[in-house]
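2 protein chains.
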Amino acid sequence: MARPKEFDRDEVVKRAMAVFWEKGYEATSTEDLLRAMGIGRQSMYDTFGDKRRLYLEALQRYQAESGAQLIERLQAGESPVRAIEEVLMAVAAETPAERARGCMYVSSIVELAQKDPEVASLAKSGTILCETAFERIVREAKRKGEVDRCVDERKVARFLLATVQGLRVMAKAGATPEALRDIAAVALTSLKSR
Amino acid sequence: MARPKEFDRDEVVKRAMAVFWEKGYEATSTEDLLRAMGIGRQSMYDTFGDKRRLYLEALQRYQAESGAQLIERLQAGESPVRAIEEVLMAVAAETPAERARGCMYVSSIVELAQKDPEVASLAKSGTILCETAFERIVREAKRKGEVDRCVDERKVARFLLATVQGLRVMAKAGATPEALRDIAAVALTSLKSR
DNA sequence: TTGGTTGTTGATGGATCAGTCCAGAATGAA
DNA sequence: TTCATTCTGGACTGATCCATCAACAACCAA
């Protein structure tokens, strides 16, 4: 055929994701993106369509990666409840830079979900993915007798997702690791029976 | 002296607040603001300095109003725990439009707290205001025997604030009132002793 | 009424925005 | 080597961004 692209599509999406994650959608210029991606203007437009399409692709990638990480962490724990604890405590254990960067999923919801139907759609599917993951691990915890059997895994799963998002907002607001641990600790008491 | 302004400063800040609340900072143009405020360009610059100053003033106003509302609601309940319950359930009881609009405080943190020190500063003072309000009511609840005396009011207060923020993010992500009630209900179990 | 001051208005500034065009370079197949 | 195809990079577009300027209008004190 003809001349092949000089860049790795996956790699440049990753770099674009980092910029959008850091700065948000509106505050990111195409110039910012091109510099970070290390490609030319036309290459970006040819490959991704426009800034919005690139954002959607980056967001999709973010969700896939962080969703997979959540599932992995929930299964890697030495017990279901410990795994949940570790997921919640993980935010508090991040570096200050990581806590400040926050969560691209949360940012996309807050900035764009109201005006961009595709972002809203991604938000919903992301919610379902995370809720389901939490639901599975809570059910597992019930099966193992780690939490009371009268616990409603659906409700608790929703609660845990909301807690993670609350933690991320608090972290961005400058909460100390101690404050974040407090929040996680109290949230965890919702599991211990009742 | 000289010619007085033709508009009410308080009123135009209120209108600007509504626009920033709805669209965020970056996505709001000065044109949007002027149209909503019903004043001329120069009047805006003379009165508020620039777009950023106007935003900061609008945010400050939002925080003062919503902080006062929180304190009021917490004191108006028929009992401390009921008051907390009502505050959490209030998000689920909002209209779809209100839920979609979200919380300007959360939006400001997510969009701007990292790059604007003054927003970060407002975020911190807002956090303290809300945490303190929650802390007081939890202490009151302990005093009345509504929650176990071994509950740490500081930690629970932090948790409750995080829960409200989690609820607001979930609401913006399109969660149903039922899902929001689930989250609030589970969060409330953290109060019931332990 | 007049003078000094301040508010309002419309025109306009340069900067930057997202996105397009085009000429030239690089590629692989024939 | 030749040719069709595709990628690349710089110049460029019109729109929009935030902000300023200058001329005019409105006000109050004297």
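In the order they appear, the protein sequences are chains A and B.
Residue numbers for the first sequence follow our numbering, so the first one is 313 and each next one is one higher.
Residue numbers for the second sequence follow our numbering, so the first one is 313 and each next one is one higher.
Note that beta-carbon positions come from the ideal geometry of N, C-alpha and C, so glycine has one too.
A quick note: this is a predicted structure, and the numbers were derived from the prediction, not measured.
The straight-line gap separating the alpha-carbon atoms of A/Ala-330 and B/Arg-455 is approximately 49 Å.
In the structure shown, B/Ile-351 adopts coil according to DSSP, grouped into three states. Using a Cβ-Cβ cut-off of 7 Å, B/Arg-411 does not count as an interface residue toward chain A, since no Cβ of chain A sits closer than that to its own. Under the three-pair Cβ rule at 8 Å, the region 356–373 of chain A counts as touching the region 429–440 of chain A.
The beta carbon of B/Gly-379 does not come within 7 Å of any beta carbon belonging to chain A, so the residue lies off that interface. Nearest in C-alpha terms to A/Val-463, of all of B/Ala-497, B/Met-349, B/Lys-317, B/Glu-377, is B/Ala-497. Among the residues facing chain B, A/Ala-425 is included, as its CB has a counterpart in that chain under 7 Å away. Restricting attention to B/Lys-484, B/Ala-405, B/Arg-394, the CA atom closest to the CA of B/Met-416 is found in B/Lys-484. For B/Phe-332, not one C-beta of chain A is nearer than 7 Å to its own C-beta. Nearest to A/Val-476 by C-alpha distance, out of A/Leu-492, A/Glu-465, A/Thr-444, A/Arg-466, is A/Leu-492.
Rounded to whole angstroms, the Cβ separation of B/Leu-400 and B/Ala-474 is 12 Å, and the two are not in contact under 8 Å.
Assignment of B/Arg-327 by DSSP, reduced to helix, strand and coil, places it in the helix class.
Contiguous alpha helix (DSSP H) elements confined to the region 350–392 of chain B occur at 353–360, 363–388, taking only those with 4 or more residues.
In the displayed model, B/Val-498 falls within a helix according to three-state DSSP. Residues of the region 332–362 of chain A with a C-beta less than 7 Å from any C-beta of chain B: Gly-336, Glu-338, Ala-339, listed in chain order. Under the 7 Å criterion on CB atoms, A/Met-482 is classed as interfacial with respect to chain B.
Per the C-alpha coordinates, the member of B/Ala-425, B/Phe-332, B/Met-482 positioned closest to B/Pro-408 is B/Met-482. At least one beta carbon of chain A lies nearer than 7 Å to the beta carbon of B/Asp-494. Contact of A/Lys-436 with chain B by beta-carbon distance below 8 Å involves Ala-485, Gly-486.
Under a criterion of Cβ atoms nearer than 7 Å, the residues of chain B adjacent to A/Ile-421 are, in order, Val-481, Lys-484, Ala-485. Cβ atoms of A/Arg-385 and A/Ala-395 come within 8 Å of each other, at about 7 Å.
DSSP, read as helix, strand or coil, puts A/Arg-413 in helix. The continuous alpha helix (DSSP H) containing A/Gly-438 extends over residues 429–455.
One Cα belongs to A/Tyr-367, the other to B/Val-324, and the distance between them is close to 34 Å. Rounded to whole angstroms, B/Thr-359 and A/Thr-340 show a C-alpha spacing of 29 Å. Within chain B, the residues placing a beta-carbon under 9 Å from that of A/Val-468 are Asp-494, Val-498, ordered along the chain.
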